[in-house]
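Peer 1: Here it is, the structure, as structure tokens.
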Amino acid sequence: MLRVDETQTADMGRRRVCAGCRMPLEHAGTGRPREYCGQRCRQAVWARRSRAEQRRQAVADRSQWWTPSTLRKRVLDTWNIGLDAAACAESALVDNWLGPTHSDPARRDARTVVWADLVEGEQVVYCNAPYYPASLLGQFLELCVDTARRGVGTTGLIPASPCTGWWVRWVADAGAEVEFLRGRLSYDGPFSSGGVAPFGAALVHWPARG
Numbered sequence: 002m003l004r005v006d007e008t009q010t011a012d013m014g015r016r017r018v019c020a021g022c023r024m025p026l027e028h029a030g031t032g033r034p035r036e037y038c039g040q041r042c043r044q045a046v047w048a049r050r051s052r053a054e055q056r057r058q059a060v061a062d063r064s065q066w067w068t069p070s071t072l073r074k075r076v077l078d079t080w081n082i083g084l085d086a087a088a089c090a091e092s093a094l095v096d097n098w099l100g101p102t103h104s105d106p107a108r109r110d111a112r113t114v115v116w117a118d119l120v121e122g123e124q125v126v127y128c129n130a131p132y133y134p135a136s137l138l139g140q141f142l143e144l145c146v147d148t149a150r151r152g153v154g155t156t157g158l159i160p161a162s163p164c165t166g167w168w169v170r171w172v173a174d175a176g177a178e179v180e181f182l183r184g185r186l187s188y189d190g191p192f193s194s195g196g197v198a199p200f201g202a203a204l205v206h207w208p209a210r211g
């Protein structure tokens, strides 16, 4: 029978380099495997992880930025808004809105509702869609296009990103009217940083096609 060096076998599962500085580690024969060569490397790794989590949360919070108050007035003055398709009670431009905090369960997921059925006459749907992740933004933009095809105009406030696939598909190829907004917006709401956004924005209008 082939004999195995038990000390070598136990060490095979141990980390060979420090998780911080990537220098080789020396392990004792027994006890908990080491991950860091010292406290300094341990603190550096945890600091990097904390910064990464803060960046991730900052990106996620973009999904909850409210339309700036100055832009709200302009949108309401320009179009006859009959439905805010991505809102909460505090941020909605009109009383008729969809959002995850709605008291009516049927109105909490805008992706399961036919927006065109919730407006009347020449009313227009407004949508400040979640910006993150991009796949979710794409789903809302697809609904904007679908609503326009059903004969109801739709206006959206979205990141100005003409080089992205979702922009080409749901804005450029869909024949939308685009107004690139000057400068950077300062969004409202408790999840806004209070400063300007790190990206440009555009008001996009999909005219009624039906």
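In terms of the working numbering, the sequence shown opens at residue 2 and continues consecutively. Glycine is no exception: its CB is placed at the ideal position from the N, C-alpha and C atoms.
Using a Cβ-Cβ cutoff of less than 8 Å, which residues in the same chain neighbour Thr165 once the five nearest sequence positions on both sides are dropped?
Peer 2: Answer for Thr165: Ala135, listed in chain order.
Peer 1: Excluding the 5 residues flanking Val120 on each side, which residues of the same chain have their C-beta closer than 8 Å to its C-beta?
Peer 2: The residues are Gly83, Leu84, Asn97, Val126, Val153.
Peer 1: Going by DSSP, which residues form a beta bridge with Asp85?
Peer 2: Asp85 pairs with Trp98, Tyr127.
Peer 1: Locate the beta strand (DSSP E) running through Glu178, then write down its first and last residues.
Peer 2: Its beta strand (DSSP E) spans residues 178-181.
Peer 1: Short check: CB of Cys145 to CB of Trp66, under 8 Å?
Peer 2: Contact flag unset, no.
Peer 1: Alpha carbon to alpha carbon, how far is Val76 from Ala90?
Peer 2: Rounded to the nearest angstrom, the two C-alpha atoms are 18 Å apart.
Peer 1: Roughly how many angstroms lie between the CA atoms of Arg151 and Arg210, to the nearest whole one?
Peer 2: When rounded, the distance between both Cα atoms is 7 Å.
Peer 1: Count the other C-beta atoms from every protein chain shown that fall within 10 angstroms of the C-beta of Pro69, then say buried if there are 16 or more, exposed otherwise.
Peer 2: Burial call: buried.
Peer 1: Suppose the cutoff is 7 Å on Cβ atoms and the five residues either side in sequence are ignored; what does the same chain contact list for Leu137 look like?
Peer 2: Around Leu137: Pro131.
Peer 1: Is Gly211 close to the ligand NAP? I mean its beta-carbon at under 7 Å from any heavy atom of the ligand.
Peer 2: Among the ligands in the structure shown, none appear at all, so the ligand NAP cannot be discussed.
Peer 1: CA-CA distance, Glu36 and Arg50?
Peer 2: Roughly 15 Å separates the two Cα atoms.
Peer 1: Hey, out of Cys22, Cys128, Ala111, whose CA is closest to Ala45's CA?
Peer 2: That would be Cys22, whose Cα lies nearest to the Cα of Ala45.
Peer 1: Which one of Ala93, Asn129, Ser92, Ala86 has the shortest CA to CA distance from Asp110?
Peer 2: The residue with the shortest Cα to Cα distance from Asp110 is Ala86.
Peer 1: Does DSSP classify Gly152 as helix, strand or coil?
Peer 2: Coil.
Peer 1: Pick out whichever of Asp78, Ala203, Leu72 has its Cα sitting closest to the Cα of Ser92.
Peer 2: Considering only alpha carbons, the answer is Leu72.
Peer 1: According to the neighbour-count rule (16 or more other Cβ atoms, all chains shown, within 10 Å of its Cβ), is Val172 buried or exposed?
Peer 2: Buried, because 16 or more other Cβ atoms sit within 10 Å of the Cβ of Val172.
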